[in-house]
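Counting in the working numbering, the sequence shown runs from 34 upward without gaps. Even glycine gets a Cβ: it sits at the ideal position worked out from N, Cα and C. Taking it in order: structure first as structure tokens, then the write-up.
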Amino acid sequence: MRSETAAVYRRRRLTALAVLAVIAVLAIVLIGSCGSDDKPASARGAADKPLVVGLPRGGRRIFPEYRVVAFYGAPQDRQLGELGIGTPAHAARKLLRQAAPYGRKTRPVLPAMELIASVAADAPGADGLYRTQQTPAIINRYLHAARRIKALLVLDIQPGHADFLSEAQRLAPWLGQPDVGIALDPEWHTPGAVPGTQIGSVTGDEINQVSGFVSNIVRANKLPEKLFVIHQFTDGMIKNKEQLLVRRGLAMTMNVDGFGDRPNKISKYREFTHDGTRGHEPHEAGRRDAHAPAAGPGRLRVKSRESSDLGMARGRHLPDDRRQCPRAVSTSATTHRNTVCCCAWCSPMRAP
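This is the structure:
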């Protein structure tokens with residue numbers, strides 16, 4: 034009798050241990066499948082690739098189909114721009130309200146959130162490159178917020194002493210997404226100097242390296258047109274500008290940004306607009322590069338970004354409420370059909 038009872042107890046203990054082992058395995062599997070915010074967008078559910086590879090609001094071309102209205106900034110400091118004020122969800126809701134007046138039946142708005150993914154710093158940091166990098170978790174949170182409102186996420190690079198290509202390569206998991214663009218900020222590329230002590234610069238060849246890298250991503254993943262922004266507000270910020278190449282699959286846009294009073298801002302904007310920066314097709318052994326437009330040198334789009342002390346853009350059909358958008362750029366009635374500015378940047382302007 035005792036031996037039978039002991040056998041029953043042993044069977045019960047073995048059964049209980051087996052059940053516990055199964056539970057432990059299931060727990061490990063569940064924890065692993067939940068993932069972490071620290072994984073790149075392509076590796077976690079909250080930022081998985083959409084089923085339909087297109088722009089957030091339909092189609093595969095950004096310009097001239099859409100007018101892009103964006104907030105710029107980073108969560109570390111509200112002084113970096115509107116995007117860093119409040120949570121990503123709060124900034125997204127505010128962006129929707131701000132962008133709405135600029136939509137037209139023939140040209141709807143495509144909102145965008147320009148997150149500074151590499152932030153220039155006045156200290157060298159552990160690697161001596163005078164820049165900090167947003168964690169994957171932060172980038173994913175802004176991507177999630179952008180997707181909730183069907184907006185683009187644009188990852189801005191202020192490289193400090195690093196190079197643009199290396200910083201862009203780090204962002205490859207996100208650039209492989211159909212709704213993520215990239216922006217280069219030469220002002221904060223200052224090898225040999227502390228960022229902020231002088232205006233930085235970049236060469237046309239360095240930009241071409243990045244645009245070629247991003248264009249390859251677009252082609253390999255069959256992505257829609259990707260926004261590729263180059264910031265500039267002085268002639269010296271882009272060396273050998275005539276060497277810029279226009280890449281197929283990229284909406285390459287010059288962004289006339291910076292701070293200043295109204296007359297200087299408008300004057301600089303008109304200067305760059307009438308300059309009509311042109312990009313050229315890349316050629317190799319007499320053959321047109323597959324990334325280039327179908328014909329001829331292409332005209333880069335020119336647009337204007339923010340100023341801290343200018344009122345709302347003025348035009349025949351544009352709102353004029355300084356309280357609504359205190360960081361907007363001013364423009365004239367003669368250009369408002371091609372230019373709408375709001376807190377961060379404008380839609381592209383066709384140079385005469």
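For Ile271, the three-state secondary structure derived from DSSP is strand. For a cut-off of 8 Å, the C-beta gap from Phe261 to Leu283 is around 4 Å, short enough to register as a contact. Put simply, of Leu278, Thr120, Phe266 the residue whose alpha carbon is nearest the alpha carbon of Ala178 is Thr120. When the alpha-carbon of Ala154 is set against those of Pro224, Arg126, Glu275, Leu128, the nearest one is in Pro224. Taking one beta carbon from each stretch, the stretch 131-148 and the stretch 95-111 have 3 or more pairs nearer than 8 Å; the two touch. Close CB contacts of Gln202 within its chain, under the 8 Å cut and outside five residues either way in sequence, are with Phe246 (chain order). In the same chain as Lys259, and ignoring 5 residues on each side of it, the C-beta atoms closer than 6 Å to its own belong to Gly214, Val251, Leu283, in chain order. DSSP, read as helix, strand or coil, puts Asp155 in coil. Per DSSP, Arg174 is one residue of the alpha helix (DSSP H) stretching across 169-181. Between Gly209 and Leu256, the C-beta gap is smaller than 9 Å, which places the two residues in contact. Secondary structure note for Leu128: its alpha helix (DSSP H) is the uninterrupted segment 121-132. Of all C-beta pairs linking the stretch 264-283 to the stretch 234-248, three or more are shorter than 8 Å, placing the two stretches in contact. Counting only residues of its own chain and dropping the five nearest sequence neighbours on each side, Val86 has a CB closer than 8 Å to the CB of Pro211, Asn254, Lys255, Leu256, Pro257. Distance from Leu148 to Leu186 at the Cβ level is roughly 6 Å; contact confirmed, criterion being Cβ atoms closer than 8 Å. Judged by DSSP secondary structure, Asp189 falls within the beta strand (DSSP E) whose first and last residues are 185-190. Rounded to the nearest whole angstrom, the CA to CA distance from Phe96 to His264 is 18 Å. A direct Cα-Cα distance of roughly 35 Å separates Ala133 from Leu198. The C-beta distance from Pro228 to Gly193 rounds to 5 Å, short enough to meet the 8 Å contact threshold. If you draw a 10 Å sphere on the C-beta of Ser300, you find fewer than 16 other C-beta atoms in it, and that means exposed. When Thr230, Leu188, Met285 are compared, the shortest CA-CA separation from Leu116 is found for Leu188. Using a 10 angstroms sphere on the CB of Gln191, the tally of other CB atoms reaches 16 or more, which defines it as buried. By the criterion of a C-beta distance shorter than 6 Å, Pro157 is surrounded in its chain by Tyr163, once the five residues flanking it on both sides are discounted. Under the three-state reduction of DSSP output, Glu258 falls in the coil class, being neither helix nor strand. In this chain, the alpha helix (DSSP H) harbouring Ala201 covers 197-203. Note that the C-beta distance between Arg180 and Pro89 is below 9 Å.
Only residues of its own chain outside the window of five on either side were considered, and among them Ile190, Phe197, Ile263 have a CB closer than 6 Å to the CB of Leu217, listed in chain order. Here the C-alpha atom of Tyr302 lies approximately 6 Å from the C-alpha atom of Val289.
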